[in-house]
Amino acid sequence: MKQIFIILTVFLMSSCAELQQVVNNLPQATGGGFGISNLDIANGLKEALNNGVDKEVTKLTQKGGFYNNQLVKILLPQELQKVDKALRDIGLGKLADEGLKVLNRAAEDAVKEATPIFVSAVQQITFNDARQILLGSDNSATKYLENKTQTQLYQKFNPVINKSFSKVGADKIWSNIIRKYNTIPFTNNVNPDLTDYVTSQALKGVYTMIAVEEKDIRTKLNSRTSDLLKRVFALQD
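Taking mature numbering (1 follows the signal peptide of the UniProt record, and there is no 0), I'd label the letters of the sequence shown as residues -19 to -1, 1 to 218.
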């Protein structure tokens, strides 16, 4: 009798495992009776990300998009903070302010190149990606996008920012700033790679703003502006 019980137990466990595998492969994802398919989940996440790109990233391309936004405003790297302080100490605060503004303007120019890359990455979201993203943290979709686009965006941003430095006058302003700082007695000369720094900070700003939109959709019902978003994100509530 004991042997029969063991055999039945093994059989049932095996059957349950096979049944679970079948369920996982069904077109309908486990939605707790919401009737949400894997396709719905994927499309809902794509819509949320596209909203973030369209709404938040577009803001960054406008004049003051970085400089006037405290979440993403590009501040000076540590090695240049001493330059900023030294200039202000000798009455050149206006020049220091302008140096900061042109770095942010260059970032605004570069972000205009981002949208097509984001759109392509969003379209590549798979069913498995979608399920994991939906049930992940408040910035899971943003992290997915970051992993998919960071290298390509850096390569796209870097030459644009380098070119933009000339366009917005950043190269001349910073050449003047560095020259003046390097003539101040008892200071060590600096020669920072501002193109690389601003590129990295522009990328950081882009993902920050997409994460803001994602968190809103996940946590605020009134941010779910379509029926699909309401149904899909109800699963993670």
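Even glycine gets a Cβ: it sits at the ideal position worked out from N, Cα and C.
Keep in mind it's a predicted model, so treat the numbers as computed, not measured.
- Ranked by how close their Cα comes to the Cα of residue 102, the residues 27, 181, 135 have 27 in first place.
- A distance of 7 Å or more separates the beta carbons of residue 151 and residue 192.
- Annotation for residue 83: the continuous alpha helix (DSSP H) segment containing it runs 74 to 92.
- At a Cβ-Cβ threshold of 7 Å, residue 180 and residue 142 count as neighbours.
- Secondary structure at residue 118: coil, using DSSP grouped into helix, strand and coil.
- Per DSSP, the continuous alpha helix (DSSP H) segment holding residue 175 begins and ends at 175 to 200.
- The C-beta distance from residue 29 to residue 195 rounds to 6 Å, short enough to meet the 8 Å contact threshold.
- The region 92 to 110 makes contact with the region 34 to 45: 3 or more CB pairs, one atom from each, lie closer than 8 Å.
- Shown here, residue 207 sits in coil according to DSSP, grouped into three states, outside any helix or strand.
- By the C-beta density criterion, residue 106 is buried, having at least 16 other C-beta atoms within 10 angstroms.
- Rounded to the nearest whole angstrom, the C-alpha separation of residue 163 and residue 56 is 20 Å.
- Residue 28: member of the alpha helix (DSSP H) spanning 19 to 33, first to last residue.
- Between residue 67 and residue 159, the CB-CB gap reaches or exceeds 7 Å.
- Assigned with DSSP and collapsed to three states, residue 58 falls in coil, not helix or strand.
- Residues of the same chain with a CB within less than 7 Å of the CB of residue 17, apart from the 5 flanking positions on each side, are 10, 212, 213, 216 in chain order.
- Closest in C-alpha terms to residue 21, from the list 130, 199, 112, comes 112.
- DSSP, reduced to helix, strand and coil, places residue 50 outside both helices and strands of the structure shown, so it counts as coil.
- For residue 218, the three-state secondary structure derived from DSSP is coil.
- Taking C-beta separations shorter than 7 Å and ignoring five residues to either side along the sequence, the partners of residue 108 in its chain run 19, 23, following chain order.
- Apart from the 5 residues on each side of it in sequence, residue 138 sits with its Cβ closer than 6 Å to the Cβ of 91, 180, 183 in its chain, given in chain order.
- The beta carbons of residue 197 and residue 204 sit closer together than 7 Å.
- By the neighbour-count definition (other C-beta atoms within 10 Å, threshold 16), residue 71 is an exposed residue.
- Here DSSP, grouped into helix, strand and coil, assigns residue 169 to coil.
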